[in-house]
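The working numbering puts the first residue of the sequence shown at 2, with every later residue one more than the last.
Glycine residues also receive a C-beta, built at the ideal position from the N, C-alpha and C atoms.
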Amino acid sequence: MMKQLNGKEVANTLDQEMMQRVSELKAKGIIPGLSVILVGDSGASSVYVRNKQKRAEKLGINFDLIHFESDVSQDTLLNKIEELNNDNTVDGFIVQLPLPDHINEDKVIKAIDSKKDVDGFSPENVGNLWIGQPNTLPATAAGILMMLDFYNIEIEGKNAVVIGRSNIVGKPVSAMLLERNATVTMTHSRTKNLPEVTSQADILIVAIGKAKFVKSNFVKEGAVVVDVGMDRDEEGKLCGDVDYDDVSSKTSYISPVPGGVGPMTITALMDQVITLAERR
Ligand code: GUN
């Protein structure tokens with residue numbers, strides 16, 4: 002029987018534990034603080050940031066939105082990052098990606114103090130993850146693992162296949178699955194015979210950014226399928242990278258879009274912010 006990985010429900014449950022941690026911090030006079038830098042107003046990013054703000058407010062985390070126009074100069078942005086690096090009331094901050102073309106994303110990420118890099122994107126934190134000594138973790142990858150753990154899905158010794166090799170999802174989730182003793186295969190747009198590879202997966206993580214890309218021939222009977230996609234189908238309706246109607250009956254667990262990975266990403270981000278505040 003197929004079961005849904007209901008990220009919304011898991012997030013609501015984990016929120017209760019996080020509220021408890023925030024109130025323990027507040028009893029010690031510490032209020033966790035998250036700042037988010039948003040450049041421009043492009044549709045998806047604004048929605049993601051608004052959702053982060055709502056959740057922070059629910060949990061009692063101080064949220065500060067720093068919003069720049071899309072033509073902001075790189076220097077202005079780098080100066081703001083320097084300011085946040087030195088601000089003791091900010092436990093962590095993120096720069097919402099993607100950035101406009103005139104801004105060098107690598108330079109921006111490298112300017113963030115790794116101790117405040119709550120996205121886990123800085124070279125130091127990426128390295129920490131790959132040597133098995135994680136500091137902060139990229140939120141989407143961490144949220145996926147939290148969701149698998151919530152449903153007691155075994156990872157050790159399983160064949161895990163990841164489709165997509167982005168720095169934001171594919172690479173970090175691969176590292177985290179490897180750390181948990183899965184046998185991990187990283188695949189991407191140039192992988193040959195992709196369905197042949199992915200149909201070996203006990204756990205299939207899909208983060209390729211193509212609407213309904215994964216069909217039933219990609220999936221082994223009984224597999225756990227996690228869909229990281231946020232796409233639009235031909236009719237403009239929100240959908241994932243997995244063709245849910247084609248695939249779901251073959252799976253043991255599958256995450257829907259929306260209501261799967263999305264809410265868990267925010268949960269993981271908030272968890273990291275609280276963890277940084279606990280380290281103060
Ligand atoms: N854009 C899409 N996902 C993310 C994320 O996890 N962090 C940041 N900073 N930007 C994103």
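(1) Does DSSP classify Lys287 as helix, strand or coil?
(2) Taking buried to mean at least 16 other C-beta atoms within 10 Å of its own C-beta, is Met265 buried or exposed?
(3) Just the C-alpha distance for Gly241 and Ser217, rounded to the nearest angstrom, thanks.
(4) Considering Leu195, what are the terminal residues of the alpha helix (DSSP H) in which it resides?
(5) Should Ile38 go down as buried or exposed, given a rule of 16 or more other Cβ atoms within 10 Å for buried?
(6) Round the Cβ separation of Val304 and Asp203 to the nearest angstrom and send it over; I've been treating them as touching at under 8 Å.
(7) Quick test of the definition: if touching needs 3 or more C-beta pairs under 8 Å, does the stretch 72–79 touch the stretch 42–57?
(8) Any heavy atom of the ligand GUN closer than 7 Å to the beta-carbon of Ile319?
(9) Could you compute how far the alpha carbon of Gln273 sits from the alpha carbon of Lys53?
(10) Using alpha carbons as the reference points, say which of Glu18, Ile132, Leu130 lies closest to Ile275.
(11) Excluding the 5 residues preceding and the 5 following Thr184 in the sequence, name in chain order all residues of the same chain whose CB lies nearer than 8 Å to its CB.
Walking through what the data contain:
(1) There is no way to answer for residue 287, as the model of the chain reaches only from 2 to 281.
(2) Start at 1 with the first residue of the sequence shown, and residue 265 comes out as number 264. Buried is the label assigned to Met265, since at least 16 other Cβ atoms lie within 10 Å of its Cβ.
(3) Counting from one through the sequence shown, the residue named residue 241 turns up at place 240. Counting from one through the sequence shown, the residue named residue 217 turns up at place 216. Ser217 has its alpha-carbon roughly 14 Å from the corresponding atom of Gly241.
(4) Translated into the one-based positions of the sequence shown, residue 195 becomes position 194. Note, Leu195: alpha helix (DSSP H), 195–199.
(5) Walking along the sequence shown from the start, residue 38 turns up at place 37. By the 10 Å Cβ count, Ile38 comes out buried.
(6) The structure shown does not extend to residue 304, since the chain is modelled only from 2 through 281, so no value can be given for it.
(7) Touching, no, given that fewer than three Cβ pairs across the two stretches are closer than 8 Å.
(8) Residue 319 falls outside the range modelled here, since the chain spans only 2 to 281, and no answer is possible.
(9) Sequence index remark: in the sequence shown, residue 273 carries index 272 (1-based). Sequence index remark: in the sequence shown, residue 53 carries index 52 (1-based). Taking the straight line from one Cα to the other gives about 13 Å.
(10) As a position in the sequence shown, residue 275 is number 274, starting the count at 1. Here the closest residue by C-alpha is Glu18.
(11) Here residue 184 refers to the residue found at position 183 when the sequence shown is read from its first residue. Gly158, Lys159, Asn160, Ala161, listed in sequence order.
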